[in-house]
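These protein sequences, in sequence, are chains A, B, C, D and E. Position 190, counted from 1, in the first sequence is what the numbering used here calls 190; the numbers after and before it change by one each time, with no gaps. One rule links them: number in the numbering used here = place in the second sequence (from 1) + 1000. One rule links them: number in the numbering used here = place in the third sequence (from 1) + 2000. One rule links them: number in the numbering used here = place in the fourth sequence (from 1) + 3000. One rule links them: number in the numbering used here = place in the fifth sequence (from 1) + 4000. The beta carbon of each residue, even a glycine, is placed where N, CA and C say it ideally should be. All remarks here apply to the structure that follows.
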Amino acid sequence: MSTVDEHEKDMPSEDSGGKGPPPPDPEQKNKATAYVIFFFFVGLIASLIVGWIIFPQLLYSQKEQPIDFNHALHNELVGDCASCHYFREDGTFSGVPDLWSCIDCHMDVQGEDPEEEKFVTEYVWEDREVPWLIYSKQPDCVFFSHAAHVLSGGMDCVTCHGHIGESEHSKVYQENRITGYSRDIWGRNISGFKRNSWDRMKMDDCADCHEEARDSATKDEPRAPVGRVIDNIIRVAFPGTYADNRGGSVQTQRGACFKCHK
Amino acid sequence: MKVGRRSFLSFIIGGAAGTALSPLPWKLTDDLSIWTQMWPWTPVPKDGAVSYAGSTCTLCPAGCGINVRMVDRRAVKIEGMEGHPINDGGICILGLSGLQLLYGPTRVKSPMKRAGNRGSGRWVSISWEEALEEVAGKLTEIRAQGRPEALAVFSGKRRGTVPALLSRFMTAFGSPNFVTAASTQDSYELALHRMQGVQAAAGLDLANTDFLLSFGSGILDGWGSPVRMFKAHSALKDGGGKLVQIEPRLSNTAAKADQWISIQPGTEAALAFGLAHVIILEKRYRTQFVSEYGGEFEEFRQMVMADYTPDKVAKITGIDPKTIVTLAREFSRSSAPLAVCGKGGGDTPGSMNEFFAVHALNALVGGINRPGGIWAVPEPGDFGWPDPEMDETAARGMQQDRLDGAGAPPYVATAALPNRFFEAVAGGKGYPLDALFVVESNPCFTEPDPETVKAAFSKIPFVVSFSSFMDETAQNADLILPNHVYLERYEDVPNPAGFNRPFVGLVQPVVDPQFNTRNVGDAVIALAQGVGDPVASAFGWDGYEACLEEAYPDQWDSLTSEGYWMAEDFDPAPWPEAFETASGKFEFVPEGLQRGYVPAEIAGEKGGFPLVLTPYDTMRISSGYVGNPPFMTKTVPAEVLKGKELLVELNPQTADQLGFSEGGRAVLTTPTGAANVRVHLYDGIMPGLVAMARGLGHTAYDKYLADKGTNVNRLIGPTADPVSGLNAAWGIRAKLTRA
Amino acid sequence: MDTALIPEGVKRDPLWKFVLKLGPVVAVLIWGVVAMLLCWIKGLNQTNMNDYYGFALWIWADLAVIALGGGAFFTGLLKYIIGKEELKNIINFAVLVGFICYSSALLILAIDIGQPLRGWFIFWHANVHSMLTEVAFCLSCYFGVLTIEYLPLILENRQLDRVPFIHNLSHNMHEIMAVFAATGAFLSFFHQGSLGGVAGVLFGRPFAFREGLFIWPWTFFLFTWSAAACGPCFTIMLLKITEKITGKKLVKDDVVRLLAKIAGWMLFTYIIAKIIDTWYWAAVTAPSKGFGLMEFYSNNGFYGIWILILEVVVGGVIPALILITAKGRSNPKTLTLAVVLAVIGVSVNRWAMVLQVMAVPVMSFDQWALYYPSWQEVATTLLPVAYGIILIALSHRYLPVWPQERELNPVEATAGPVSAEAAPGAESEEETSAEPEPAPAQA
Amino acid sequence: MKQERPKKFGMVIDLDKCTGCGACLVACMSENNVPFKPDESDKLTSITWMRVYQLNNGKPYPETDICYLPRPCQHCEGDHGHSPCVSVCPATATDYGMETGIVSQIYTRCFGCRYCMAACPYHARYFNWWDPVWPDGMEKYLNPSVSVRMRGVVEKCSFCYHRYQTAKDKAIYQFAEGERDSTDLEEDEYQTACTQACPAGAIIFGDLNNPSHRVHQIAQPDEKHAGRPKNPKAFRLLERLGTNPKVYYLSSRDWVRRAGDNYLEGEGKLKRH
Amino acid sequence: MFPFNFEWIWDMSHVVFMGGLWFALTILGLGMTYCVIKAVIDTAKGKGAHHEEH
């Protein structure tokens, strides 16, 4: 903020003297301006392409499952998810079945599927666990209680895991090259929009669902996000309008951090 | 030109705007922070099904039951076993650190053969077949030469099937030199043997004691079965009982005691006799016991009356006569008083005179085999194995004198004399040894004056270590046949230290062997087979597991289901049947008791060494054959270990006289050796004493333990007790000079 | 060779001399950068900080540097809001110093945190109850303000100013500078205060804890106050140093004296408040927690009562008395002494409110912890100093920092095409810039 | 979902029983994946969620007396959950849970500013100055219930919150299977690792709000006076600062109780109600 | 820092703190936007070209 301009403002700026070089040819100037604008858009569009299309391609590696697993077929045979993805007696969730769970049926090759043959010969007979790639694997800092959600909360698998149980082939596993996250956690859509409850499994997605649950505990129907914002504003502007429905956390007034983190 | 530059700038601005409007910078920022949350070099423990596996801890003689938490096949945590008779859910610091030993970097991962000079640290891995063949070959050679006695075994344990197998092997092979490490328990056993005429372990009925008088025993510093002692102490506190600690240093036990009485070190026997004096004088003893079962009581009475008046004792011990009288009254007034002795953690035997005196005190108040007193617990018998067949060579070998002189006059009743064993070998006394097996022990570190041990090693051409860890002894061996760590093997733990019922704990494998190791029991059986008949015929088992099961035919069900077997309804022999001495009475004046006060022997002239060095034990340092795991070393206070330097405790008054301030560097010299130390000023220690923690100063093991501090055993040579022949050194004269 | 970039009408060293003089400073800068990289790559184990000294040299440097950078907001406030027009002659320099101080503070913070790549969590996942959140937000925002204030100065570089857009931009920014300055003052009030709050709210640390007003402990206000008092002192101190080094008088004495007078009165009132605060704390607050005053100052090897005396008397009362007397501030020697003492005083205050807070044992059985910084900490703390010197040197060389320089240091005709017009004084200064120049850039 | 009554987990440590053996330290380290370095003798950089202090009465031999004081995180409640550390965390990485009274620390959220450490008068918070390194193979014993902390973040005692979680999961499962009447936990179903391990039984853990729990019965917290113990043998560390901690200590020795707080010279004992 | 952040609560402290913050940021943002736009317009008008020399 040099003081030079302090005084400059007192004088008409159009009043430029004739001492300088002659003003440039207007046509030439227009042309130059067009170039400048053109290159601005070139840069803009190029970077948008890089950011929206090329970058996501580069960010995720694509990995095939060691065995192409047919969920639909198995589901037909065993009836429900819990047959293989069961609760242990200590209330923990078994997650992806280990070899031991499969051996009952797959001690020997049963059908003609080469994938099954591969499974039996390369893993069962070799007593080697299958290095499954887990689409919905949460990072180590997360404590997720299947018991609380499924046994207490009565949620079904589809809400978070989608219709994987109906798949006939294992989809490609995409892993973030920087973080090691499965892409299903952050969501396939790079812009972060989701259509279904199972499209993404980030903390905010947990929070959204819990917010709805909290609302529905006190109100008759779940609120739309906009409605919630309005409620919140009313809550601040007119304290005492609503019953206090705070969670245990002193910091966030939601669930305490330790509820979901370890 | 101008257009070009401006257009380029415009392009950059457009690019920046576009980038900002794309997910790239934002996702990248987010992902980079997530990357820091999941750094690939920070381990993520694998999740799995949780289960618990029960077993018994063998890291000390306590025999605690443990529950190991497993995640799939990994052991992730050791916890105390609820309801276990010894530790009931509690667990000590060493037991908790066990997994660091199991998965630790100092494990010997396969049989190893020395490649360079001894101690050079150069080894080659060999197969078990090669290793066993090499040892068997050597043994065959020794037998072929007709001198089977040239084989010796040094075992850390004396009880249980593994020592029994080793002993059996030695008998069948023909060598009397089966040497075991000694502890307070050996002194106790000898006291019971001399005074009660029984071959039994001393069991303390702590549950019913209401007055515990400890003559320097580290009740809360690792003495006996530590967790059991801790629980007993807490129960004493809850029940309004009393603990009195007599020792010259405010140890953790002394600090927790209701009364701490500082005493001139080495004069504990005199105090015990002094208390007896008061009790007898005031007729506070248990008349029925003394009159009916007290052997030579009159002689005892005369002795304490003449030589141990409170004033005389006060002069000897430095304790106020009034305190002595009060203590005697309180002790004898209690309904179930109990006096114990054996200094510190109880890893070293002590002066028999002291054991006799303290045991006599228990007898005076009628505490022998009574609730709240001290019980004679029968030693586990033999395992019902038929005697091994001995050929002529073996029989001839067994006729030879033991190199340590145990079992022969003057130490007839002592089973083994480890201190004399190494002295004899190092000094070239007796016949030379051709081979030595070292099992579950680390004499190059734990024995007093380890230099003598090393000198003894240099006289033995073939040393085989069975250690699971690359400890000092394994480093000085020629061959290592690594044992499983306790979490990988079967074993029995009979009669835990100080427990007052016949008891066997079962060690069971909770994880698969992590490395190419073998149970030492299996190795011995294989060796016997390698040597051939008649040794082999004494070892007809398929393997150690079968042998173990056969050893406990009646207890096996209980062992496998409960993890232990205990004689629930055991009652100690009532007084009429309790004493198997010649007189059938309790001998108040056993053979070997010193009449009149003789100051305890201590090495070093007073002139050159104005101070007295005493070692002390702490729960946070494992001073036994297992080196401190990293977790334990982490808990060692900075007042004990700073960097690699050990601090010795010194009373501020003494420090002032010597010109030391807190942390000052010094050279600690004793007649046995010298070490660089630092000084920690501690008000809780008698002036004139220097106290040093036992268990540091390892040269082997890993960077978490090696070269930290000084091994106090290096500074204190053994002193043979005239009765037992066992090491009775509780200290040594010393001097501190500025470094 | 860089004459085209140098402001018109002033004399500067030849480039080679300039570079040579900056050489050692650049060396220090590189040393600092190496230490900084070590801290980032290997982690904070490179420092001598520990679990007792979670805050140490760096946080002190941060607090001190921000207090000293307070000259920018306070001078801005005086000029743009209160209307002390004379201060326009020093405001550029004050802004420059502020910019350096705040950018340094942000850099040090970025090194100081254990997980620099997650540093943005402080904004994104902000906990509004934390004083540190307030610090972070206001600090970054005010740094933005300082950038906005410093930017026109850069844009007025002789060559940049030739571009019409840039010229217009800097012109427009000047037009509404008062708005920015007001925002800056608002933000500064809160972050200077919240830096004081950082220590003052620690109710687990009786040495630091102060009662206060609503959520703000008294230290909140004392910090703002002391920054307003000592920031200008620091600006004056640096001005004196710059004048010494360049061998030129750059700002007129009346301007300096005005600023010194205001700073003096601020310091005077501040130190009265500080004494009252200290007394209340020593007599009421700390004893209520079981602490006597001397327990904070004895039984340790370093933190004696001398710290309090140095801070309050030597670094507070004395400079305040010098500065509020006309005689004191008109004598260049006493003026310099006073501003140096004030700078020391505020630095010691920040030192005590960071380091001593960490050192004092709170549990009766705990011990004093002493600390000395590692070379990496020292180097990274000197890094901003070196960077500051370089930035001042560059600004001095290439930017029109000093409105009064040409008037005070007329350049002889031989020096170049500039020269003669310098005389008329500040009011008609703009005319001097009308000089056409060789304009090599057009070639 | 039914609302359970808020719990307030706390601890009572009997200093008459504590022997300073260090089992709680290792139980904690082993349960919570606390790392170790080759040299841990600088206690100012040594991570021990549970630390055992040695107190002494300051008297010369032979009047000397010492006492061990294990110090886990005190899980201060402060004023309505505003413990010294929680409100200062700029990134919401530490939190006070009203339902359990436990002060949490989220390592992946923490960015290592160490303000909470400056705030804690108990030095219960530790910074990871180094990357945690386990010797090759030793990482096998790591507990999957607790995340391993990366370099550059603060960590502290969590009252083994993961044990609460696992116990809860088990209760939910058993409730769903009809094996129990409610998902409420019994006192012994949630115990910290140090409590479980203590060979002297000196540590007692439970819900201070629950009159049937031993901690409540022993400490007898006075809710009218911010949880101050009514048991005359009990005291809390630095109660006068208003930290309102949830760890109570018992001692029969006057000098030990007095060492728990700061008093001006000549100041009488803190009055109790 | 935004209402959609997990940590955001609609309470007085957020409204006051974040309100103040966003207010300041808005002023700065609007101020700079004004300057830039005006500079673009001025430049288009031909102001400031090659100094206002006299």
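Same chain, Cβ closer than 8 Å to residue i, neighbours up to 5 away in sequence not counted
i: residue 1123(B); result: 1112, 1113, 1114, 1115 and 1480
i: residue 3187(D); result: 3206, 3207, 3210, 3212, 3213 and 3214
Contact set for residue i: own chain, Cβ-Cβ below 6 Å, skip 5 residues either direction
i: residue 1094(B); result: 1059 and 1622
i: residue 2224(C); result: 2189, 2192 and 2193
i: residue 1410(B); result: none
Enclosing alpha helix (DSSP H) for residue i [first to last residue]
i: residue 1556(B); result: 1556 to 1562
i: residue 2267(C); result: 2253 to 2280
i: residue 1037(B); result: 1024 to 1037
i: residue 1203(B); result: Careful: residue 1203(B) lies outside any alpha helix (DSSP H), inside the beta strand (DSSP E) at 1200 to 1204.
i: residue 2390(C); result: 2375 to 2398
i: residue 2178(C); result: 2177 to 2200
i: residue 4025(E); result: 4012 to 4044
i: residue 3109(D); result: Looking at the DSSP string, residue 3109(D) is not in any alpha helix (DSSP H), and its letter there is neither H nor E.
Nonlocal neighbours in the same chain, by C-beta distance under 7 Å from residue i, ignoring five residues either side
i: residue 1513(B); result: 1484 and 1488
i: residue 1138(B); result: 1435 and 1462
beta-carbon residue i near the ligand SAH non-hydrogen atom, thresh 7 Å
i: residue 1446(B); result: This structure does not include the ligand SAH; it has no bound ligands of any sort.
Buried versus exposed call for residue i [16 or more other C-beta atoms within 10 Å across all chains shown]
i: residue 3149(D); result: buried
i: residue 3249(D); result: buried
i: residue 116(A); result: buried
i: residue 1037(B); result: buried
Residue span of the beta strand (DSSP E) that contains residue i, given as start and end
i: residue 3250(D); result: 3247 to 3250
i: residue 107(A); result: Premise fails: residue 107(A) is in no beta strand (DSSP E) and is neither H nor E.
* Contained beta strand (DSSP E) runs [length at least 3] in the segment 1373 to 1421 of chain B, N- to C-terminal order -> 1374 to 1378
* Asked: Is there contact here, the segment 3253 to 3260 of chain D with the segment 3061 to 3079 of chain D, by at least three beta-carbon pairs under 8 Å?
  -> yes
* To do: Pick out the complete alpha helix (DSSP H) segments inside the segment 2048 to 2125 of chain C, 4 residues or longer, and give them in chain order.
  => 2057 to 2068, 2070 to 2076, 2088 to 2112 and 2121 to 2124
* Asked: Are at least three pairs of beta-carbons, each pair with one atom in the segment 2297 to 2308 of chain C and one in the segment 2241 to 2252 of chain C, less than 8 Å apart?
  -> no
* May I ask you to verify whether the segment 3041 to 3048 of chain D touches the segment 3213 to 3222 of chain D, counting CB pairs closer than 8 Å and requiring at least 3? => no
* To do: Give, in chain order, every unbroken run of the alpha helix (DSSP H) that is at least 4 residues long and sits entirely within the segment 3130 to 3218 of chain D.
  => 3161 to 3176 and 3193 to 3197
* Okay, do the segment 1064 to 1078 of chain B and the segment 1094 to 1103 of chain B touch, 3+ Cβ pairs below 8 Å being the bar? -> yes
* **Sequence ranges, beta strand (DSSP E) only - wholly within the segment 1622 to 1665 of chain B, length at least 3** => 1645 to 1650
* **Validate contact between the segment 2008 to 2018 of chain C and the segment 3077 to 3094 of chain D using beta carbons, cut 8 Å, 3 pairs** => no
* Asked: Touch check for the segment 2395 to 2402 of chain C and the segment 2151 to 2160 of chain C: three-plus C-beta pairs under 8 Å?
  -> yes
* Asked: Pairing CB atoms from the segment 1165 to 1184 of chain B with CB atoms from the segment 1513 to 1533 of chain B, are three or more of them under 8 Å?
  -> yes
* **Three or more C-beta pairs below 8 Å linking the segment 1569 to 1576 of chain B and the segment 1420 to 1430 of chain B** => no
* Examine the Cβ distances between the segment 101 to 120 of chain A and the segment 33 to 42 of chain A and report whether three or more of them are shorter than 8 Å. => no
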